[in-house]
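Peer 1: Each residue of the sequence shown is one higher than the last, beginning at 1 in full-length UniProt numbering.
No residue lacks a Cβ here, since even glycine has one placed at the ideal position from N, Cα and C.
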Amino acid sequence: MQAALTRTGAEWALPAATSPRMNTVDIAALYPQHLATLKARADEALARCGRDHLLVPSGRRHYQAFDDRDYAFAVNPHFKHWLPLTTVTDSWVVYTPGQRPKLVFLQPLDYWHVVPESPSGWWVEHFDIHVIRSAEEALPLLPPAARSAIIGEANSALGDYTPDNPQAALDYLHYQRSYKTAYEVALMRQAQRRAVHAHRAAERAFRAGESEFGIHMAYCLAAQQDATEVPYQNIVALNRNGAVLHYTELGRSAPDPSLSFLIDAGASHCGYAADITRTYAADRTGEFQALVDAVDAAQQAMCASVRAGTDYRQLHVDAHLALMGILREFGVLKVSPEAALATGVSAAFFPHGLGHPIGLQVHDVAGFAASDRGGSIDRPAGHPFLRMTRVLEPGMVVTIEPGIYFIDMLLDEVRRNGHGDSIDWARVDFFRPYGGIRIEDDVLCTGDAPENLTRAAFAG
Ligand code: GLY
Ligand code: MN
Ligand code: MN
Numbered sequence: 001m002q003a004a005l006t007r008t009g010a011e012w013a014l015p016a017a018t019s020p021r022m023n024t025v026d027i028a029a030l031y032p033q034h035l036a037t038l039k040a041r042a043d044e045a046l047a048r049c050g051r052d053h054l055l056v057p058s059g060r061r062h063y064q065a066f067d068d069r070d071y072a073f074a075v076n077p078h079f080k081h082w083l084p085l086t087t088v089t090d091s092w093v094v095y096t097p098g099q100r101p102k103l104v105f106l107q108p109l110d111y112w113h114v115v116p117e118s119p120s121g122w123w124v125e126h127f128d129i130h131v132i133r134s135a136e137e138a139l140p141l142l143p144p145a146a147r148s149a150i151i152g153e154a155n156s157a158l159g160d161y162t163p164d165n166p167q168a169a170l171d172y173l174h175y176q177r178s179y180k181t182a183y184e185v186a187l188m189r190q191a192q193r194r195a196v197h198a199h200r201a202a203e204r205a206f207r208a209g210e211s212e213f214g215i216h217m218a219y220c221l222a223a224q225q226d227a228t229e230v231p232y233q234n235i236v237a238l239n240r241n242g243a244v245l246h247y248t249e250l251g252r253s254a255p256d257p258s259l260s261f262l263i264d265a266g267a268s269h270c271g272y273a274a275d276i277t278r279t280y281a282a283d284r285t286g287e288f289q290a291l292v293d294a295v296d297a298a299q300q301a302m303c304a305s306v307r308a309g310t311d312y313r314q315l316h317v318d319a320h321l322a323l324m325g326i327l328r329e330f331g332v333l334k335v336s337p338e339a340a341l342a343t344g345v346s347a348a349f350f351p352h353g354l355g356h357p358i359g360l361q362v363h364d365v366a367g368f369a370a371s372d373r374g375g376s377i378d379r380p381a382g383h384p385f386l387r388m389t390r391v392l393e394p395g396m397v398v399t400i401e402p403g404i405y406f407i408d409m410l411l412d413e414v415r416r417n418g419h420g421d422s423i424d425w426a427r428v429d430f431f432r433p434y435g436g437i438r439i440e441d442d443v444l445c446t447g448d449a450p451e452n453l454t455r456a457a458f459a460g
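#1: Can you find a heavy atom of ligand 3 that lies under 7 Å from the Cβ of residue 462?
#2: Quick one: Cα of residue 190 to Cα of residue 359, how far?
#3: Please tell me whether, using a cut-off of 7 Å, the distance from the CB of residue 264 to the nearest non-hydrogen atom of ligand 1 is below it.
#4: Would DSSP call residue 269 helix, strand or coil?
#5: Mind listing, in chain order, the continuous beta strand (DSSP E) runs of no fewer than 3 residues lying wholly within the UniProt domain "Xaa-Pro dipeptidase N-terminal" (30-175)?
#6: My output table needs one value for residue 337: the three-state DSSP class, helix, strand or coil.
#7: Considering only DSSP beta bridges, list what residue 211 is partnered with.
#8: Can you tell me which residues form a DSSP beta bridge with residue 261?
#9: Touch check for the stretch 250-265 and the stretch 193-213: three-plus C-beta pairs under 8 Å?
#10: Could you pull the DSSP bridge partners for residue 274 from this structure?
#11: Using alpha carbons as the reference points, say which of 383, 259 and 106 lies closest to residue 210.
#12: Ignoring anything shorter than 3 residues, give me the beta strand (DSSP E) runs that lie fully in the stretch 353-432, in order along the chain.
#13: I'd like the span of the beta strand (DSSP E) that includes residue 439, first residue to last.
#14: Taking the CB atoms as reference points, tell me whether residue 302 and residue 315 lie closer together than 8 Å.
#15: Residues in the same chain with beta-carbon distance under 7 Å from residue 419, minus the five sequence neighbours each way, listed in chain order, please.
#16: Here's a check: name, in chain order, each residue in its chain whose Cβ is nearer than 8 Å to the Cβ of residue 30, leaving out the five neighbours to either side.
#17: Hey, how far is the Cα of residue 273 from the Cα of residue 363?
#18: Please list the terminal residues of the continuous alpha helix (DSSP H) segment that includes residue 243.
#19: Find the nearest neighbour of residue 327 within the set 312, 293 and 300, judged by alpha-carbon distance.
#20: Assuming residue 135 contacts residue 158 (C-beta within less than 8 Å), just tell me the rounded distance between them.
#21: Check whether the Cβ atoms of residue 403 and residue 350 sit closer than 8 Å, and answer yes or no.
#22: Do residue 419 and ligand 1 come close, with the Cβ less than 7 Å from some heavy atom?
#23: Answer yes or no: do residue 104 and residue 130 have a C-beta to C-beta separation smaller than 8 Å?
#24: Which stretch, first to last residue, makes up the alpha helix (DSSP H) that contains residue 347?
#25: Using DSSP with H/G/I as helix, E/B as strand and the rest coil, what is residue 256?
#26: Run through DSSP, which three-state label would residue 451 get?
#27: Let's test the definition: count the other Cβ atoms within 10 Å of the Cβ of residue 16 and tell me whether it reaches 16, buried, or not, exposed.
#28: Look at the alpha carbon of residue 21 and the alpha carbon of residue 27, and state the distance between them as a whole number of angstroms.
#29: Suppose the cutoff is 7 Å on Cβ atoms and the five residues either side in sequence are ignored; what does the same chain contact list for residue 444 look like?
#30: When you compare each of 335, 61, 188 and 309 to residue 391 by their alpha carbons, which one comes out closest?
#31: Taking just the CA atoms, how far does residue 160 sit from residue 240?
#32: Please name the residue or residues paired with residue 311 in a DSSP beta bridge.
#33: Tell me, to the nearest whole angstrom, how far the beta carbon of residue 175 is from that of residue 40; I am working on the premise that it is less than 8 Å.
#34: Is residue 436 closer than 8 Å to residue 405 when the C-beta atoms are compared?
#35: Checking 8 Å against the spacing of the C-beta atoms, do residue 45 and residue 54 come in under that value?
#36: Less than 8 Å between C-beta atoms, sequence neighbours within five positions excluded: which residues of the same chain meet that for residue 470?
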């Protein structure tokens, strides 16, 4: 598998910087500081909930109703925060302040499935590792349940060990998870490289006339990740399908003509997500391409505003004004951006949030957190889908994903609400066949200029 990843000349060969070898060297040097940070956070979380031990189960398989078929396994994000293990079930991270962390690692006796490989990599020397052959063998290796904070899913329960997720611990751990360590940022850069490589393959497939399904397959082949490994379902939309925000149908035949292509697709690396959207016009000289270019330029300006001290809610509102300015310039909107925002017309064209925190989960936790002791920051009135309301701080990674769509359901509502005069409907008719435009990058807030992780990967 690893040899295949670095094979040269093949259509899907990953760029050199993604090679596992290089990755191991860089990451190993960064891991001790990451682990020290997690230990310090765990110390404080335990103090806040009055427990002595932190137990983090990796998770257990979920099965379909009345069936022996399991769903794709999604590891507990708290578990993969400590370790780059995303496929092991019924395993436990055990942490007691002042002691080396312990990993109880299930390597079952099983001839039906491939058994997880023995632990290896940059992290093993930092853990006491206990290999078990059945889930129950974990029991004598765990500290007393009554003194433990157990962070995980309900179905990870084992004997007396039922995840109780103490709120004070969760509030603290989730809030702190917003501040990525250097190790995490390095892994996220790798996820970007993998996704960008696949985005390029997808664009080639679009320009070669492939169907949505064909483009999706080209993407997965280039990413070397299948639908259960990418961090969310690929959105691969041709023509009007781009107006369906979470379009995941994957049409088996290509439309004729194929006018436009919106792809929202990511990749995972050691449990960290990339979340990237691009929109392409078949005709690079037409008006839709010009509209894509305008949104792209505006999006880059928004990314440049990811600065410490900036309220993300303000970025979202500013994005509405910028996008409506573009629609006015292109003759779609007949009123000022401010008027479109005030009447709700702008929300018909841009009906989702500007973005969200990203990391171990594509929509990462704590986007609304008021503090590490709980509470939440409301969304601005009239913006029900925004997923991030915090003030930006160094170490946060957020997506910036403005969009403009031609969605009949929402545009009909504008008419019904008496604001139809705000729009030039002939221009809507012109752009409707192209569906919509979204451009999405993942951006690291620093103490200085932001680092656009996605653009850096496209430039590499
Ligand atoms: N891919 C889902 C999102 O952009 O939030
Ligand atoms: Mn996103
Ligand atoms: Mn996305």
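Peer 2: According to the data block:
#1: Absent from the model: residue 462. The displayed extent of the chain is 1 to 460, so no value can be given.
#2: Residue numbering aside, residue 190 sits at position 190 when the sequence shown is read from its first letter. Residue numbering aside, residue 359 sits at position 359 when the sequence shown is read from its first letter. Spanning the two alpha carbons is a distance of roughly 12 Å.
#3: To locate residue 264, count along the sequence shown from 1; it is residue 264. It does: the Cβ of residue 264 is within 7 Å (strictly closer) of some heavy atom of ligand 1.
#4: Indexing the sequence shown from 1 puts residue 269 at position 269. DSSP places residue 269 in strand when its eight states are reduced to three.
#5: 53-57, 92-95, 102-106, 128-132 and 148-150
#6: Taking the sequence shown and counting its residues from 1, one reaches residue 337 at position 337. Correct three-state label for residue 337: helix.
#7: Here the question's residue 211 lines up with position 211 in the sequence shown. Note: residue 211 sits in no beta bridge, so no partner.
#8: In the sequence shown, counting from the first residue as 1, residue 261 sits at position 261. Answer is 238 and 280, bridged to residue 261.
#9: Using a Cβ-Cβ distance cut-off of 8 Å, the stretch 250-265 and the stretch 193-213 are in contact, since at least three pairs of beta carbons, one from each stretch, lie closer than that value.
#10: On the sequence shown, residue 274 is found 274 positions in, with the first residue counted as 1. DSSP output for residue 274 lists 267 as bridge partner(s).
#11: If you number the sequence shown from 1, residue 210 lands on position 210. When each option's Cα is compared against that of residue 210, the closest is 259.
#12: 397-400 and 403-405
#13: Walking along the sequence shown from the start, residue 439 turns up at place 439. Premise fails: residue 439 is in no beta strand (DSSP E) and is neither H nor E.
#14: Residue 302 sits at position 302 when you count from the first residue of the sequence shown. Residue 315 sits at position 315 when you count from the first residue of the sequence shown. Yes, these two residues count as a Cβ contact at 8 Å.
#15: Along the sequence shown, read from residue 1 onward, the residue named residue 419 stands at position 419. 343 and 345, listed in sequence order.
#16: In the sequence shown, the residue the question calls residue 30 occupies position 30. Only 181, 182, 183 and 186 meet the Cβ criterion.
#17: Taking the sequence shown and counting its residues from 1, one reaches residue 273 at position 273. Taking the sequence shown and counting its residues from 1, one reaches residue 363 at position 363. Taking the straight line from one Cα to the other gives about 9 Å.
#18: Translated into positions along the sequence shown, residue 243 becomes position 243. Looking at the DSSP string, residue 243 is not in any alpha helix (DSSP H), and its letter there is neither H nor E.
#19: Position 327 of the sequence shown holds residue 327. Per the Cα distances, 293.
#20: Along the sequence shown, read from residue 1 onward, the residue named residue 135 stands at position 135. Along the sequence shown, read from residue 1 onward, the residue named residue 158 stands at position 158. Confirmed, about 6 Å.
#21: For the purposes of this step, residue 403 is taken as the residue at position 403 of the sequence shown. For the purposes of this step, residue 350 is taken as the residue at position 350 of the sequence shown. In contact: residue 403 and residue 350 (Cβ atoms closer than 8 Å).
#22: If you number the sequence shown from 1, residue 419 lands on position 419. Residue 419: no, Cβ never under 7 Å from ligand 1.
#23: Walking along the sequence shown from the start, residue 104 turns up at place 104. Walking along the sequence shown from the start, residue 130 turns up at place 130. Their beta carbons are under 8 Å apart, which means residue 104 touches residue 130 by this criterion.
#24: Position 347 of the sequence shown holds residue 347. 345-349 is the extent of the alpha helix (DSSP H) around residue 347.
#25: Reading the sequence shown from its first residue, position 256 is the one you call residue 256. In this structure, residue 256 counts as coil in the three-state DSSP scheme.
#26: Locating residue 451 in the sequence shown gives position 451, where the first residue counts as 1. If DSSP states are grouped into helix, strand and coil, residue 451 belongs with the strands.
#27: The count along the sequence shown starts at 1 and reaches residue 16 at position 16. With a pLDDT of only 49 at residue 16, under the threshold of 50, the placement of this residue in the model should not be trusted; the figure read from the coordinates follows. Counting Cβ neighbours within 10 Å, residue 16 comes out exposed, since fewer than 16 surround it.
#28: If you number the sequence shown from 1, residue 21 lands on position 21. If you number the sequence shown from 1, residue 27 lands on position 27. Because the pLDDT at residue 21 is just 43, under 50, the model does not fix this residue reliably, and the point stays unresolved.
#29: In the sequence shown, the residue the question calls residue 444 occupies position 444. Only 185, 397, 450, 451 and 453 meet the Cβ criterion.
#30: Start at 1 with the first residue of the sequence shown, and residue 391 comes out as number 391. Closest by alpha carbon: 309.
#31: By one-based count along the sequence shown, residue 240 stands at place 240. By one-based count along the sequence shown, residue 160 stands at place 160. In a straight line, the C-alpha of residue 240 is about 53 Å away from that of residue 160.
#32: Here residue 311 corresponds to residue number 311 of the sequence shown, with the count starting at 1. Beta-bridge pairing links residue 311 to 391.
#33: For this step, residue 175 is matched to residue 175 along the sequence shown. For this step, residue 40 is matched to residue 40 along the sequence shown. With 8 Å as the limit, residue 175 and residue 40 do not qualify as a contact, their Cβ atoms being about 14 Å apart.
#34: As a working note, residue 405 is residue 405 in the sequence shown. As a working note, residue 436 is residue 436 in the sequence shown. Their beta carbons are under 8 Å apart, which means residue 405 touches residue 436 by this criterion.
#35: Here residue 45 refers to the residue found at position 45 when the sequence shown is read from its first residue. Here residue 54 refers to the residue found at position 54 when the sequence shown is read from its first residue. The answer is yes: Cβ separation under 8 Å.
#36: Lying outside 1 to 460, the shown extent of the chain, residue 470 is not represented and no answer is given.
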